[in-house]
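Participant: Position in the sequence shown counted from 1, then plus 1010, gives you the working numbering.
Cβ atoms here follow ideal geometry from the backbone N, Cα and C, with glycine treated the same way.
Can you keep this structure in mind? I'll have questions shortly.
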Amino acid sequence: MSYPVSYPGTGKQSIASEAFPQVLWAGDLDRDGKLDILLDLTDHYNVSAPTLLLSSMAAANELVQPVAEFRTTGC
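Set out below in C-alpha coordinates:
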(Lines of atoms letter the chains of each structure in order from A and count residues from 1; the text may use other names and numbers.)
(Lines give C-alpha, C1' and ligand atoms only; values in the text may rest on other atoms or scores of the structure.)
Protein backbone atom coordinates (compact mmCIF):
# COMPACT_ATOMS: atom_id res chain seq x y z
CA MET A 1 0.00 0.00 0.00
CA SER A 2 1.37 3.45 -0.80
CA TYR A 3 0.21 6.93 0.04
CA PRO A 4 0.63 9.43 -2.80
CA VAL A 5 1.13 13.07 -1.94
CA SER A 6 1.11 15.89 -4.46
CA TYR A 7 3.73 18.64 -4.20
CA PRO A 8 3.47 21.81 -6.30
CA GLY A 9 5.69 21.53 -9.36
CA THR A 10 6.86 17.99 -8.66
CA GLY A 11 3.78 15.88 -9.31
CA LYS A 12 2.84 12.95 -7.13
CA GLN A 13 5.34 11.18 -4.90
CA SER A 14 4.85 8.16 -2.69
CA ILE A 15 5.75 8.79 0.95
CA ALA A 16 5.10 5.30 2.27
CA SER A 17 4.83 1.77 0.99
CA GLU A 18 3.79 -1.01 3.36
CA ALA A 19 4.74 1.20 6.30
CA PHE A 20 3.74 4.44 7.97
CA PRO A 21 5.98 7.42 8.75
CA GLN A 22 5.90 8.36 12.44
CA VAL A 23 6.75 11.44 14.46
CA LEU A 24 9.30 10.25 17.04
CA TRP A 25 10.08 13.62 18.64
CA ALA A 26 9.30 17.31 18.14
CA GLY A 27 10.90 20.26 19.92
CA ASP A 28 13.56 22.94 19.58
CA LEU A 29 16.79 20.93 19.37
CA ASP A 30 18.94 23.66 17.81
CA ARG A 31 17.62 26.39 20.16
CA ASP A 32 16.56 28.80 17.42
CA GLY A 33 13.00 29.13 18.72
CA LYS A 34 11.53 27.05 15.87
CA LEU A 35 10.26 23.48 15.67
CA ASP A 36 12.68 20.64 14.85
CA ILE A 37 11.40 17.14 14.17
CA LEU A 38 12.67 13.56 14.35
CA LEU A 39 10.62 11.41 11.97
CA ASP A 40 10.80 7.74 11.11
CA LEU A 41 10.46 8.04 7.34
CA THR A 42 10.33 4.31 6.71
CA ASP A 43 9.23 3.08 3.31
CA HIS A 44 8.96 -0.60 4.24
CA TYR A 45 7.60 -2.50 7.25
CA ASN A 46 11.04 -4.03 7.92
CA VAL A 47 13.00 -0.76 7.72
CA SER A 48 13.61 1.92 10.31
CA ALA A 49 14.71 5.33 8.99
CA PRO A 50 14.84 7.93 11.78
CA THR A 51 15.47 11.26 10.06
CA LEU A 52 16.37 14.52 11.80
CA LEU A 53 14.89 17.70 10.31
CA LEU A 54 16.26 21.00 11.64
CA SER A 55 14.72 24.45 11.24
CA SER A 56 18.10 26.20 11.41
CA MET A 57 19.22 24.42 8.21
CA ALA A 58 16.06 25.24 6.22
CA ALA A 59 16.08 27.53 3.20
CA ALA A 60 14.04 30.73 3.26
CA ASN A 61 10.97 29.01 1.77
CA GLU A 62 11.18 25.86 3.96
CA LEU A 63 10.22 25.10 7.55
CA VAL A 64 12.80 22.34 8.14
CA GLN A 65 15.60 20.58 6.26
CA PRO A 66 16.67 16.92 6.63
CA VAL A 67 20.20 16.80 8.05
CA ALA A 68 20.70 13.17 9.16
CA GLU A 69 19.21 9.72 8.64
CA PHE A 70 20.04 6.36 10.26
CA ARG A 71 18.55 3.58 8.12
CA THR A 72 18.42 0.02 9.47
CA THR A 73 16.67 -3.17 8.41
CA GLY A 74 15.36 -6.05 10.45
CA CYS A 75 16.26 -9.70 10.07
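Does DSSP put leucine 1045 in a helix, in a strand, or in coil?
Facilitator: Here residue 1045 is taken as the residue at index 35 of the sequence shown, counted from 1. Three-state result, leucine 1045: coil.
Participant: What separation, rounded to the nearest whole angstrom, lies between the Cα atoms of leucine 1155 and aspartate 1042?
Facilitator: Lying before the first or after the last residue shown, residue 1155 is absent from the chain, which here runs from 1011 to 1085.
Participant: Please classify leucine 1073 as buried or exposed, where buried requires at least 16 neighbouring CB atoms within 10 angstroms.
Facilitator: As a first step, residue 1073 must be located in the sequence shown, where it is residue number 63. Classification for leucine 1073: exposed.
Participant: What is the residue span of the beta strand (DSSP E) that proline 1031 lies within?
Facilitator: The residue given as residue 1031 occupies position 21 in the sequence shown. From DSSP, proline 1031 is part of no beta strand (DSSP E); its letter is neither H nor E.
Participant: Does DSSP classify serine 1066 as helix, strand or coil?
Facilitator: Taking the sequence shown and counting its residues from 1, one reaches residue 1066 at position 56. Looking at serine 1066 - three-state DSSP - the assignment turns out to be coil, as it is neither helix nor strand.
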